[in-house]
Ligand code: CAA
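Numbering (this note's numbering), first residue to last: 126 to 386.
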């Protein structure tokens, strides 16, 4: 499919989606949101793709937020629709049955932090910066920031970031649990590819179930979430991957997972 604001490359089991508006630090406008929705929908259906990487073009920015030029003259209805469109993309990413890894290679501000939060985890370069600076523009985050940030790093840090609009460096982002791992700029993509390939070598059924269980179970009472886990564990035994994985262990060989999810 031809996109104008993003790049979408598939190499074996790994797809890389790059938000590609470097002149405006990859700011998100309605067209980017629409193209991301199309790309993630297509990659979700592509049986060959097992893991997706999301990054930003250039060496300065992942995404510097929603496009302020596109938003300035929006009326309230257009603003709500834009917020719902961005929330739709982030919810789609979360509900995709395959992992998405954020490779944050610079500024991840406002909608940039929010779209990274919708990925399954974040690897970042030493130059990465995060923040929810919407308050400086007289608005609140509109792509899930108040909700996903507080769920990931806790209410206190989410409030400090959303209320001050401060931009934080990658060391603090890692300390508060927003970022999993930090790499020198020139090593970030290799590190992300390495972990993507490792995940792609696992079985689809268990990979999908892990993502769904952690996402869906998180907001449920523990006893309900544990029941979901037991049902998913049971479902794994309906897949050839369970016999292959356990058989390979006992036969002291590498498993070759072929189950479909
Ligand atoms: N929207 C539109 N354009 C943007 C942009 C954005 N979010 N961020 C950067 N740009 C543009 C700049 O206007 C500039 O364009 P020109 O060259 O035409 O002047 C270009 O990108 C380069 O940016 P700077 O010259 O500002 O670069 P810098 O290195 O001096 O500063 C920055 C970098 C600190 C990231 C700064 O650009 C900045 O503060 N950007 C805005 C960050 C922001 O407020 N994000 C939140 C947006 S609101 C939001 O995201 C709502 C939501 O939740 C849905």
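All C-beta atoms in this analysis are idealised placements derived from N, C-alpha and C, irrespective of residue type, glycine included. Remember, predicted model here, so these are calculated numbers, not experimental data.
How is the beta strand (DSSP E) around residue i delimited, first residue to last?
i           : result
residue 136 : 131-136
residue 176 : 176-181
residue 304 : Run containing residue 304: none; DSSP gives neither H nor E here.
residue 193 : First-last for residue 193: 193-197, but that is the alpha helix (DSSP H), not the beta strand (DSSP E).
residue 233 : 232-234
residue 296 : Here residue 296 belongs to no beta strand (DSSP E); instead the alpha helix (DSSP H) covers 295-300.
residue 172 : Unbroken run through residue 172: none, as it is neither H nor E.
Can you round the beta-carbon distance between residue i and residue j to whole angstroms, since I take them to be within the 8 Å contact cut?
i           : j           : result
residue 236 : residue 184 : With 8 Å as the limit, residue 236 and residue 184 do not qualify as a contact, their Cβ atoms being about 20 Å apart.
residue 361 : residue 330 : 6 Å
residue 234 : residue 192 : Residue 234 to residue 192, Cβ: 12 Å. No contact.
residue 239 : residue 290 : Incorrect: roughly 14 Å between the Cβ atoms, too far for contact.
residue 163 : residue 130 : 11 Å between Cβ atoms; not a contact.
residue 144 : residue 181 : 5 Å
residue 187 : residue 196 : Going by Cβ atoms, the distance from residue 187 to residue 196 rounds to 19 Å, so no, they are not a contact pair.
residue 293 : residue 255 : 5 Å
Under a three-way DSSP split, which group does residue i fall into?
i           : result
residue 370 : helix
residue 311 : helix
residue 227 : strand
residue 345 : coil
residue 364 : coil
residue 326 : coil
residue 382 : coil
residue 141 : strand
residue 158 : helix
residue 256 : strand
residue 150 : coil
residue 334 : helix
residue 350 : helix
residue 188 : strand
residue 249 : strand
So is the beta-carbon of residue i under 7 Å away from any non-hydrogen atom of the ligand CAA?
i           : result
residue 177 : no
residue 310 : no
residue 246 : no
residue 232 : yes
residue 101 : No statement about residue 101 is possible, as the shown extent of the chain runs from 126 to 386 and does not include it.
residue 240 : no
residue 211 : yes
residue 208 : yes
residue 225 : no
residue 108 : Examination of residue 108 is not possible in this model, given that the chain is present from 126 through 386 alone.
residue 268 : yes
residue 194 : yes
residue 352 : no
residue 259 : yes
residue 236 : yes
residue 262 : yes
Counting only the same chain and skipping the five closest in sequence on each side, list residues whose C-beta sits under 7 Å from that of residue i.
i           : result
residue 381 : 369
residue 275 : 283
residue 149 : 192
residue 167 : 126
residue 244 : 179, 218, 225, 226, 227
residue 317 : 178, 226, 228, 248
residue 198 : none
residue 379 : 373
So the alpha helix (DSSP H) residue i belongs to, where does it begin and stop?
i           : result
residue 278 : 275-278
residue 204 : 201-220
Kindly list the residues whose CB is nearer than 6 Å to the CB of residue i, restricted to its own chain and excluding five residues on each side of it in sequence; keep chain order.
i           : result
residue 140 : 168, 174, 177
residue 367 : 361
residue 328 : 366, 382, 384
For residue i, which residues in the same chain have their Cβ closer than 8 Å to its Cβ, ignoring the five residues on either side in sequence?
i           : result
residue 343 : 276, 350
residue 354 : 338, 342
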